[in-house]
Ligand SMILES: NC(=O)c1ccc[n+]([C@@H]2O[C@H](COP(=O)([O-])OP(=O)(O)OC[C@H]3O[C@@H](n4cnc5c(N)ncnc54)[C@H](OP(=O)(O)O)[C@@H]3O)[C@@H](O)[C@H]2O)c1
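Numbering (the numbering used here), first residue to last: 8 to 320.
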């Protein structure tokens, strides 16, 4: 490798991690090393993704967030860590694994401190979870706890907050659009502005933030677009010329009651997690207050209108 600083990306085989690797290499100021689990290379599509990244200049090191010695090895000579890991649902129990974002990243933090890493970007890429409470969202709980540990460690850090991924809001997980049934469903009055950003734009902003001294020990807040639920539906109808039946499922308070009731009978947090994310955006509780988009004005993020025009909806 050359004299440029090296970034270690964990989660590089994931949707966002691979895009962040490409965005950092496109910027041209840093080398990229990717941590991969040995199990990843057995998937044909992941192997292809790794081959493509290798061709762009990424160097790989084998490791796992649950294997401390592999993390110590991976952090050797690293200036910045960008984590883009995500916990998955256990195939055995069906339960959500909390060990990746919290204890896995705590292992990585320990290795980072031992090896003198200068900055750690945790796997956030979310709504502003600093504004909500522990217990409000199963997945964001782990981010709240890890962010606290990261701040207390004294290691340099940057949090990336981008609201909801646009792609996810148009997917089944988002539960807004049901294209088969021809419906658009949401809770709340439909008037609360919500933050949406694509994976690609989040990756580009991340690549900028890690090279920006002013973003050290700070949170970067960006959004590709800010629309209310009613505006989101109107934009969809305007761009596609299709009509959807608008379904308001209840007030924000009704949603809170629905989550509390479902929690008591749920076999997995997945039974209410999409609604917990929906609550965070339609209640306005985790809204990004002041956007930093203008810091990197050369990035022209994808608006909702552009996203719908480019897709097949
Ligand atoms: N704001 C939003 O709307 C929104 C929506 C979705 C996701 N997100 C967040 O965005 C981030 C990236 O999500 P994504 O969808 O890109 O994730 P993804 O595609 O599921 O990728 C997850 C990555 O984590 C890696 N990983 C899992 N366990 C690991 C371990 N023990 N050791 C090392 N690596 C491990 C996986 O490696 P393998 O290939 O080995 O499995 C994979 O590379 C996450 O923080 C996620 O919560 C935000």
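A virtual CB, placed ideally from N, CA and C, is assigned to each residue, including glycine.
Computed from a predicted structure; not experimentally measured.
Relative to ligand 1, is the shortest distance from any of its heavy atoms to the C-beta of residue i smaller than 7 Å?
i, result
"residue 175", "yes"
"residue 272", "no"
"residue 146", "yes"
"residue 23", "yes"
"residue 91", "yes"
"residue 299", "no"
"residue 316", "no"
"residue 30", "no"
"residue 211", "no"
"residue 132", "yes"
"residue 18", "yes"
"residue 40", "no"
"residue 169", "yes"
"residue 187", "no"
"residue 72", "yes"
"residue 3", "The structure shown does not extend to residue 3, since the chain is modelled only from 8 to 320, so the question has no answer here."
"residue 231", "no"
"residue 163", "no"
"residue 76", "no"
"residue 107", "yes"
"residue 53", "yes"
Would you kindly check if the distance between the Cβ of residue j and the Cβ of residue i is under 8 Å?
i, j, result
"residue 9", "residue 38", "yes"
"residue 129", "residue 166", "yes"
"residue 276", "residue 181", "no"
"residue 29", "residue 56", "no"
"residue 170", "residue 207", "no"
"residue 124", "residue 85", "yes"
"residue 231", "residue 173", "yes"
"residue 178", "residue 254", "no"
"residue 262", "residue 251", "no"
"residue 153", "residue 223", "no"
"residue 227", "residue 162", "no"
Residue i to residue j, Cα distance in whole Å?
i, j, result
"residue 213", "residue 112", "18 Å"
"residue 107", "residue 160", "19 Å"
"residue 238", "residue 200", "9 Å"
"residue 184", "residue 168", "24 Å"
"residue 234", "residue 121", "44 Å"
"residue 289", "residue 188", "22 Å"
"residue 114", "residue 270", "30 Å"
"residue 150", "residue 126", "17 Å"
"residue 75", "residue 41", "16 Å"
"residue 67", "residue 198", "46 Å"
"residue 71", "residue 81", "10 Å"
"residue 260", "residue 52", "43 Å"
"residue 242", "residue 195", "19 Å"
"residue 88", "residue 204", "22 Å"
"residue 303", "residue 317", "24 Å"
"residue 13", "residue 312", "37 Å"
"residue 24", "residue 17", "7 Å"
"residue 319", "residue 246", "11 Å"
"residue 44", "residue 69", "6 Å"
"residue 139", "residue 15", "30 Å"
"residue 64", "residue 32", "8 Å"
Where does residue i sit, in a helix, a strand or coil, going by DSSP?
i, result
"residue 258", "coil"
"residue 285", "helix"
"residue 319", "coil"
"residue 164", "strand"
"residue 243", "helix"
"residue 18", "coil"
"residue 207", "helix"
"residue 38", "strand"
"residue 302", "helix"
"residue 115", "helix"
"residue 83", "coil"
"residue 132", "coil"
"residue 226", "strand"
"residue 186", "coil"
"residue 137", "helix"
"residue 198", "coil"
"residue 177", "coil"
"residue 218", "coil"
"residue 293", "coil"
"residue 309", "coil"
Any heavy atom of ligand 3 closer than 7 Å to the CB of residue i?
i, result
"residue 110", "Within the structure as shown, ligand 3 is missing, the only ligands being ligand 1."
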